[in-house]
Amino acid sequence: MIYQNFTLKTENMKATFYLLTIIFFSICFVACEKDNLDIAPNATFGGEIRDMETGELVEQEIIRGSQIYFIELGWDNPPVQAMAVKNDGTFQNNLMFAGDYKIILNKGNYIPQDTIDFRINKGKNYKVFEVLPYIRIVNPDIRYKGNKVVAKFSLQQYTVDPVKTIALFAHTESHVSSNIQTAKVSSEINTAVSPLTEYELSMDLSQTTGIEREHSYFFRIGALSSTSEAKYNYSPAVEIDL
6 MIYQNFTLKT
16 ENMKATFYLL
26 TIIFFSICFV
36 ACEKDNLDIA
46 PNATFGGEIR
56 DMETGELVEQ
66 EIIRGSQIYF
76 IELGWDNPPV
86 QAMAVKNDGT
96 FQNNLMFAGD
106 YKIILNKGNY
116 IPQDTIDFRI
126 NKGKNYKVFE
136 VLPYIRIVNP
146 DIRYKGNKVV
156 AKFSLQQYTV
166 DPVKTIALFA
176 HTESHVSSNI
186 QTAKVSSEIN
196 TAVSPLTEYE
206 LSMDLSQTTG
216 IEREHSYFFR
226 IGALSSTSEA
236 KYNYSPAVEI
246 DL
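If you use the working numbering, the sequence shown corresponds to residues 6 to 247, in order.
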């Protein structure tokens, strides 16, 4: 009788041990799975910033230009993160986590948007943001004439704030901008503008440093609103062989 009780207790102990072992490894497996989900980015987020009236991409600059701010929800005091927008108005972030986000578009070359609730799913995510630029550069025309590069254009503004500056920038790379340029001409106009007015900027190469003859350069028109924290609005860059 004693031997039978001992055998029964031994079997019960073995069963309990096996059960605890299974539970332990199950917990470890779930914990590892959770760690993998929490640590490794599992989503990408790309898209475009487009003019809501024309449908065109809103040209940007890559240094100190427009950024998309986002907050990942589900955490205590989550930080505000940012991704840069490319020159052509597109963006791409390949290190995102699936989850719920708040998207903030309030410090760019367009009228600030209301905060957007957005769901990032696993895998690829794509979004087109429609905005109204502070200034639209209308009918830009950049040509090489004689010893000058001449830019003609009109402007259309969407705030009551005056247009502060117009400029023509030059650089050997296509991402030419106010912060990436080897030469520029600019004019402080500080006035409200009409799309019926044509503006002209002329870069005299004989009097311009930073430009070498027999080289190719990219030229780009920029216009800056006097609105607080505004960024330059741009035309597409034009390549010219000098």
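Ideal Cβ placement from N, Cα and C applies to all residues, glycine included. These figures come from a predicted structure and were not determined experimentally.
When the distance is taken between beta carbons, is residue j closer than 8 Å to residue i?
{"i": "residue 142", "j": "residue 160", "result": "yes"}
{"i": "residue 145", "j": "residue 226", "result": "yes"}
{"i": "residue 108", "j": "residue 123", "result": "yes"}
{"i": "residue 247", "j": "residue 205", "result": "no"}
{"i": "residue 69", "j": "residue 133", "result": "no"}
{"i": "residue 237", "j": "residue 183", "result": "yes"}
{"i": "residue 203", "j": "residue 150", "result": "no"}
{"i": "residue 98", "j": "residue 49", "result": "yes"}
{"i": "residue 167", "j": "residue 211", "result": "no"}
Quick test of your reading: residue i and residue j, contact by CB under 8 Å. State the CB separation rounded to the nearest angstrom.
{"i": "residue 165", "j": "residue 208", "result": "Incorrect: roughly 31 Å between the Cβ atoms, too far for contact."}
{"i": "residue 96", "j": "residue 52", "result": "6 Å"}
{"i": "residue 65", "j": "residue 104", "result": "About 26 Å; that fails the 8 Å criterion."}
{"i": "residue 239", "j": "residue 176", "result": "At roughly 13 Å, the Cβ-Cβ gap does not stay under 8 Å, so residue 239 and residue 176 are not in contact."}
{"i": "residue 213", "j": "residue 242", "result": "The Cβ separation is near 18 Å, so there is no contact."}
{"i": "residue 85", "j": "residue 71", "result": "With a Cβ gap of about 15 Å, residue 85 and residue 71 do not count as contacting."}
Between which two residues does the beta strand (DSSP E) containing residue i stretch?
{"i": "residue 98", "result": "95 to 101"}
{"i": "residue 78", "result": "Residue 78 -> no beta strand (DSSP E), and no H or E assigned at all."}
{"i": "residue 195", "result": "188 to 196"}
{"i": "residue 230", "result": "221 to 230"}
{"i": "residue 49", "result": "48 to 56"}
{"i": "residue 107", "result": "104 to 109"}
{"i": "residue 206", "result": "203 to 209"}
{"i": "residue 244", "result": "243 to 246"}
{"i": "residue 45", "result": "Segment: none, residue 45 is in no beta strand (DSSP E) and carries neither H nor E."}
{"i": "residue 86", "result": "86 to 89"}
{"i": "residue 125", "result": "121 to 125"}
Within the present structure, is the beta-carbon of residue i separated from the nearest heavy atom of the ligand NAP by less than 7 Å?
{"i": "residue 53", "result": "Within the structure as shown, the ligand NAP is missing, as the structure has no ligands at all."}
Could you check whether the region 122 to 133 touches the region 158 to 177, counting it as contact only if at least three pairs of C-beta atoms, one from each stretch, sit closer than 8 Å?
no
Could you tell me which uninterrupted beta strand (DSSP E) segments, each at least 3 residues in length, are contained entirely in the region 132 to 184, listed from first to last along the chain?
140 to 150, 153 to 162 and 168 to 176
Looking at C-beta atoms only, is the number of pairs between the region 186 to 197 and the region 70 to 78 that lie closer than 8 Å three or more?
no
Below 8 Å, how does it come out for the region 104 to 121 and the region 133 to 140: are there three or more Cβ pairs, yes or no?
yes
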